[in-house]
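Protein chains in written order, with my numbering: chain A, 1 to 490; chain B, 1001 to 1490. C-beta atoms are modelled at their ideal positions from N, C-alpha and C, and glycine is treated no differently. Quantities reported herein were computed from a predicted structural model and do not represent experimental measurements. First up is the structure itself, then whatever we jot down about it.
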């Protein structure tokens, strides 16, 4: 290891530490910040962003990259990430980055108001400006290549729109067909009872611990939206409680615990380096979704949870473990992606992916977006959007310029499907553990196969190594058809 | 106003915003940080300190200062602070600053262990190293001038050791004499009863609001040590509860509210500029102490508090408002500065001031410190130190290199005495308000006379303008003799 490498890494380590500080500002804002601090907080965010951008584009990085000579695979992986971040930051002119920051901040406010007022037309001009700026940014990064791929690369390095189109195209008919079959079956039972907040929070802490979240290096707070924040030794999650829907609290916690455990379980040697964080949004989502769904919503684990819920809340209006499993996995009509069940969730994502790809390529005009959304929705879901806040205005992403983000949700589900199949092969008697509320062999396998590597391998590679083959949509679809076929008898 | 000024101020404003972010890391660490995050947090602190130091010594500052031409008094005051901070940061070599950071961090750990083990000898070598480094730093800043004055200037710009020696020399005999008289009188009554934590926290929030703390731009959390953190729109305080001593909670809250209101009430035009923070530790302490003591422990206000405590906790074992006032202002023997009453508090400070000044000038050897402490203590307090943790090892300050900090506590009390006399002249019927728990005319006068100016005037000047004359120790001593003479009949 050369001195040039150590010098470069010391600089990068400080930048990563500053990145953690900047990220924690976001946690603070969503959990504990006084309302009246908002204007000052914007200045603080801006100042931190300026510091981080200056460091990522610093000549120290370019000189370090030029000077380092190494064949060490970990060092090479670090350099790959450092170069990637430096290239990206230097290719985007400061004036464009500033314009994007201003326009997305503005568009976010306009979107929130337009959604509250069910006024699509009020949002579209702002969306057009954001789209134009993000396209310009993608062209600055990608040159003549497909700008959508450059956007996607921000969230899922190496993925392409063409590859995802093929994968999602294979998923859609099987998902629509499964949804159609389930819709014709009798509905699953629903919870009854009262679920006091302190009981929800006590059980949600128990669930977090059961899935391996280390509260000595994390904490659980309440926030409007559940999220996971931070890397390394300080990874915090949030949850929320809803008086008549304890599953909202429990499963959003398990989901965020999946994200948080990924960050907590990365090799300690990578702390505060580019390898010390989850490698992509898709791989991140694979961890949150396998914790939440393949493990947390399994027949075996829900059998244990059924007992813990009755211990905590008394009668919950469900007669058996099988009924409870069906209840946890209940499928119903709904407009909202974030509230969707395992089967329909991906249909929500696929719709957004196709529309945003068409927006970026200009195959779809912004003016025609709502119509395209509503037409696609009725085709895939079998009923019509009743208002914009249930349709094209429901998600925050586009207002913030996050084109290329949506598909990583479904890619994460596909990855989770592959990992789950491999996990079941590796631990054939896993259900005996899960039925006792013991996830340790499952989460231990994920830690050793995926999480500990952090950013060492490319996203597809880490999944392929863990799953024993290139990721495909097959295992996810097989799992969904088997699971929901059994629950609904279809 | 020239463009050069605006350019400079934009740079400085970002630095101030980053300073707020760095300060909030400290708040986070003391209130919500998971224990296991400590190692990472040290890296984050270090990275933020590096960024701030680089900005304070940046050529942007030197060039800006050279280019700006202005006669505007506010701009001149900003430039004064910018120049002062830049001069100080550039005069201290990076290697020395680094050595101080490392040695104080190390000495702090050694001190904590030495205090736990009552082992003075284990701490003295570390103290010697810190003292040598801080002396070297003071010489780098002050050149041939008295190094103690350079240290003091860090906390109380413009104050000198000689000036404080004269002031404190005049205070000491009158304080010792008052303490002697009170010690011979029958003791004040003590609280009886139980004081559940939720009642303490509810009443402490009511007290914070009663003293004008704006919770829309702040928050109250629990921490091991009470403190106030932040400036501008996000000023947070902490408190603590002790089952049998609710006054600890209430009066530490009122004290921190004094600090916090100073920061909250600074002219909004100074937000995130060098004028947007309290001008010195002494002026800061004058606000916390006048809130806590001259107002919060007054006969009128404690009459109101007596009723609120009985509403909250039932019988508190005190028969009358007069007895309650005596109870709140109870004087007793004690070793610990932070637990001392109004009379003896300054004797604790004066002892430390004389000893640290002698240490810095080398008139006192580190090896002789404990003996000097114990000898002085028995002379001023009338009884002997029984163990090092009750004597020379009780405070954290010296281990952290904070020489010159202690005297600002007593200077703050002196300032509070001057302000209180002027306030009583300005609002002769103030007690009628305080007896209703209404501090608005008192805190409003302090806001308008002192707090709103932030860093606009030099510390002594802002007190002199508010009090109508140069600050002296007389009003504080008159107030103490009158108040405790009445309570104890001496």
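Roughly how many whole angstroms lie between the Cα atoms of residue i and residue j?
| i | j | result |
| --- | --- | --- |
| residue 31 of chain A | residue 224 of chain A | 9 Å |
| residue 1216 of chain B | residue 1264 of chain B | 11 Å |
| residue 234 of chain A | residue 1354 of chain B | 43 Å |
| residue 1165 of chain B | residue 1051 of chain B | 38 Å |
| residue 10 of chain A | residue 64 of chain A | 11 Å |
| residue 1474 of chain B | residue 1480 of chain B | 10 Å |
| residue 269 of chain A | residue 449 of chain A | 17 Å |
| residue 1312 of chain B | residue 112 of chain A | 43 Å |
| residue 37 of chain A | residue 1357 of chain B | 41 Å |
| residue 1291 of chain B | residue 337 of chain A | 53 Å |
| residue 1272 of chain B | residue 1278 of chain B | 12 Å |
| residue 1430 of chain B | residue 1378 of chain B | 39 Å |
| residue 1137 of chain B | residue 1297 of chain B | 40 Å |
| residue 342 of chain A | residue 34 of chain A | 36 Å |
| residue 494 of chain A | residue 404 of chain A | In this structure chain A extends from 1 to 490, so residue 494 of chain A is not present and cannot be described. |
| residue 1003 of chain B | residue 1062 of chain B | 15 Å |
| residue 1385 of chain B | residue 1115 of chain B | 14 Å |
| residue 1276 of chain B | residue 1119 of chain B | 43 Å |
| residue 1 of chain A | residue 12 of chain A | Low confidence applies here, because residue 1 of chain A scores a pLDDT of 49, under 50, leaving its location unreliable and the question unanswered by this model. |
| residue 410 of chain A | residue 92 of chain A | 29 Å |
| residue 1230 of chain B | residue 316 of chain A | 47 Å |
Does DSSP put residue i in a helix, a strand or coil?
| i | result |
| --- | --- |
| residue 228 of chain A | strand |
| residue 1236 of chain B | strand |
| residue 220 of chain A | strand |
| residue 1317 of chain B | coil |
| residue 1121 of chain B | helix |
| residue 1025 of chain B | helix |
| residue 266 of chain A | coil |
| residue 1068 of chain B | coil |
| residue 1205 of chain B | helix |
| residue 106 of chain A | helix |
| residue 1251 of chain B | helix |
| residue 1006 of chain B | helix |
| residue 1381 of chain B | helix |
| residue 394 of chain A | coil |
| residue 387 of chain A | coil |
| residue 452 of chain A | helix |
| residue 18 of chain A | helix |
At what residues does the alpha helix (DSSP H) containing residue i begin and finish?
| i | result |
| --- | --- |
| residue 1082 of chain B | 1073-1091 |
| residue 1433 of chain B | 1430-1434 |
| residue 1306 of chain B | 1299-1313 |
| residue 1463 of chain B | 1459-1467 |
| residue 211 of chain A | Here residue 211 of chain A belongs to no alpha helix (DSSP H), and DSSP marks it neither H nor E. |
| residue 1407 of chain B | 1406-1426 |
| residue 337 of chain A | It is not in any alpha helix (DSSP H) - residue 337 of chain A carries neither H nor E in the DSSP assignment. |
| residue 479 of chain A | 474-488 |
| residue 165 of chain A | 161-184 |
Should residue i be counted as a contact of the ligand NAP given a C-beta to heavy atom distance under 7 Å?
| i | result |
| --- | --- |
| residue 1448 of chain B | Absence of the ligand NAP from the depicted structure is noted, as is the absence of any ligand whatsoever, leaving it without description. |
Does any CB atom of chain E fall closer than 8 Å to the CB of residue i?
| i | result |
| --- | --- |
| residue 81 of chain A | Checking the listed chains, one finds no chain E in this structure; the protein chains it contains are A and B. |
Discussion item. Which residues of the stretch 1224-1248 of chain B have a Cβ closer than 7 Å to any Cβ of chain A? Give them in chain order.
Written reply: 1232, 1233, 1234
Item to complete: Compile a chain-ordered list of the residues in the stretch 383-408 of chain A whose CB is closer than 8 Å to at least one CB of chain B.
Response: From the stretch 383-408 of chain A, no residue has a Cβ closer than 8 Å to chain B.
Item to complete: Could you name the residues of the stretch 1006-1025 of chain B whose beta carbon sits closer than 9 Å to any beta carbon of chain A, in the order they occur along the chain?
Response: 1013, 1014, 1015, 1016, 1017, 1018, 1020, 1021, 1022, 1024, 1025
Worksheet item: Mind listing which residues of the stretch 193-218 of chain A have their C-beta closer than 9 Å to chain B's C-betas, in chain order?
Response: Listed by position along the chain: 214, 215, 216, 217, 218.
Worksheet item: Mind listing which residues of the stretch 267-286 of chain A have their C-beta closer than 9 Å to chain B's C-betas, in chain order?
Response: 271, 272
Fill in: Cβ-based contacts, 7 Å cut-off: residues of the stretch 461-482 of chain A near chain B
none
Worksheet item: Does the pairing of the stretch 1184-1197 of chain B with the stretch 1328-1338 of chain B give three or more beta-carbon distances under 8 Å?
Response: yes
Discussion item. Would the stretch 342-361 of chain A count as touching the stretch 168-183 of chain A if we require 3 or more Cβ pairs under 8 Å?
Written reply: yes
Fill in: Members of the stretch 167-194 of chain A that neighbour chain B once the beta carbon cut-off is set at 9 Å
Contact annotation: in the stretch 167-194 of chain A, no residue has its CB less than 9 Å from a CB in chain B.
Practice prompt. Using a Cβ-Cβ cut-off of less than 9 Å, list which residues of the stretch 29-44 of chain A approach chain B; keep chain order.
Written response: Interface annotation for the stretch 29-44 of chain A against chain B: 31, 32, 33, 34, 35, 36, 37, 38, 39, 40, 41, 43, 44, criterion Cβ-Cβ distance under 9 Å.
Practice prompt. Closer than 8 Å, Cβ to Cβ, to anything on chain A: give me those residues from the stretch 1045-1071 of chain B, in chain order.
Written response: 1046, 1047, 1048, 1050, 1051
Worksheet item: With a cut-off of 8 Å, do at least 3 Cβ pairs link the stretch 1191-1208 of chain B to the stretch 1249-1258 of chain B?
Response: yes
Worksheet item: Would you say the stretch 441-460 of chain A touches the stretch 138-155 of chain A, given that touching needs at least three Cβ pairs under 8 Å?
Response: no
Worksheet item: Are the stretch 466-473 of chain A and the stretch 407-424 of chain A touching by the rule of at least three beta carbon pairs closer than 8 Å?
Response: yes
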